[in-house]
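Engineer: Right, I'll just put the structure down here and ask away after.
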Amino acid sequence: MTTPHGKVKTILIVEDNPTNMKLVGDLLELNGFDVVRAVDGKSTLEILKRVKPDLILLDINLPRMSGIDLFGKIRENQSFDSVIVLALTALAMKEDKDAIMNAGFDGYIAKPIDTREFIKLIKAKLSLVPADSEV
Ligand code: MN
92 MTTPHGKVKT ILIVEDNPTN MKLVGDLLEL NGFDVVRAVD GKSTLEILKR
142 VKPDLILLDI NLPRMSGIDL FGKIRENQSF DSVIVLALTA LAMKEDKDAI
192 MNAGFDGYIA KPIDTREFIK LIKAKLSLVP ADSEV
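Per the working numbering, the sequence shown starts with residue 92, numbered consecutively.
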């Protein structure tokens with residue numbers, strides 16, 4: 092997926108479940124995105140020293156460091172202020188969604204994902220299509 096200037100958008104997926112990682116990664120690559128993958132908070136912070144993604148898909152239920160704690164660490168770095176961060180989570184309870192949105196995430200995607208809606212949402216968040224769908 093490219094902008095009018097031709098730059099490919101980079102998406103970092105942080106997901107510890109290999110099945111979900113494969114599904115989401117393959118889907119984004121098929122849609123032309125440049126995909127970078129991380130399986131936990133530590134590897135994410137290492138990757139972010141050399142890669143500046145346009146968007147991060149962040150699983151909330153991660154080993155050792157939760158997605159919410161990791162999000163806090165990402166936002167501590169002002170150079171990532173413009174990076175769109177979406178929570179990716181199987182948590183379906185309203186309280187959990189509230190906690191995620193209160194933490195300041197730019198959106199919320201529930202697993203299992205609806206592949207068509209998922210791509211529409213990603214493109215909308217990256218302003219590649221009009222924002223006609225919302226999380
Ligand atoms: Mn997980």
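All C-beta atoms in this analysis are idealised placements derived from N, C-alpha and C, irrespective of residue type, glycine included.
Every value quoted in this text rests on a predicted model; they were computed, and no experiment measured them.
1. Tell me the DSSP secondary structure of R141 in three-state form.
2. In chain order, what residues of the same chain lie with their CB nearer than 6 Å to the CB of V226, ignoring the 5 residues before and after it?
3. Please tell me whether, using a cut-off of 7 Å, the distance from the CB of D107 to the nearest non-hydrogen atom of ligand 1 is below it.
4. So, V174 versus F196, is the Cβ gap smaller than 8 Å?
5. At a cut-off of 7 Å, is L153 close to ligand 1 when judged by its beta-carbon and the heavy atoms of the ligand?
6. Does any heavy atom of ligand 1 sit closer than 7 Å to the C-beta of D150?
7. Please confirm if the segment 140-152 is in contact with the segment 97-117, defined as three or more CB-CB distances below 8 Å between the two stretches.
8. What does the Cβ neighbour count give for M184, buried or exposed, with the cut at 16 atoms within 10 Å?
9. In this structure, how does DSSP classify L219 when only helix, strand and coil are distinguished?
10. First and last residue of the beta strand (DSSP E) that includes A178?
11. Would T180 and D131 be called neighbours here (beta carbons separated by less than 8 Å)?
Structural biologist: On the basis of the supplied data:
1. Position 50 of the sequence shown, counted from the first residue, corresponds to residue 141. Correct three-state label for R141: coil.
2. To locate residue 226, count along the sequence shown from 1; it is residue 135. With a pLDDT of only 49 at V226, under 50, the local geometry of the prediction cannot be trusted, and the value read off the model is given with reservation. G198 and Y199.
3. For this step, residue 107 is matched to residue 16 along the sequence shown. Yes - ligand 1 has a heavy atom lying nearer than 7 Å to the Cβ of D107.
4. As a first step, residue 174 is located in the sequence shown; it is residue number 83 there, counting from the start. As a first step, residue 196 is located in the sequence shown; it is residue number 105 there, counting from the start. The answer is no: Cβ separation not under 8 Å.
5. By 1-based counting over the sequence shown, the position of residue 153 is 62. Yes; taking the cut-off as 7 Å, the Cβ of L153 has a heavy atom of ligand 1 nearer than that.
6. Stepping through the sequence shown from its first residue, residue 150 is reached at position 59. Yes, the beta carbon of D150 sits closer than 7 Å to at least one heavy atom of ligand 1.
7. yes
8. Counting from one through the sequence shown, the residue named residue 184 turns up at place 93. So M184 ends up on the exposed side.
9. For the purposes of this step, residue 219 is taken as the residue at position 128 of the sequence shown. The answer is coil: DSSP assigns L219 none of H, G, I, E or B.
10. Working through the sequence shown from its first residue, we reach residue 178 at position 87. I175 to T180 is the span of the beta strand (DSSP E), which, as asked, contains A178.
11. By 1-based counting over the sequence shown, the position of residue 180 is 89. By 1-based counting over the sequence shown, the position of residue 131 is 40. Result no, Cβ atoms of T180 and D131 do not sit closer than 8 Å.
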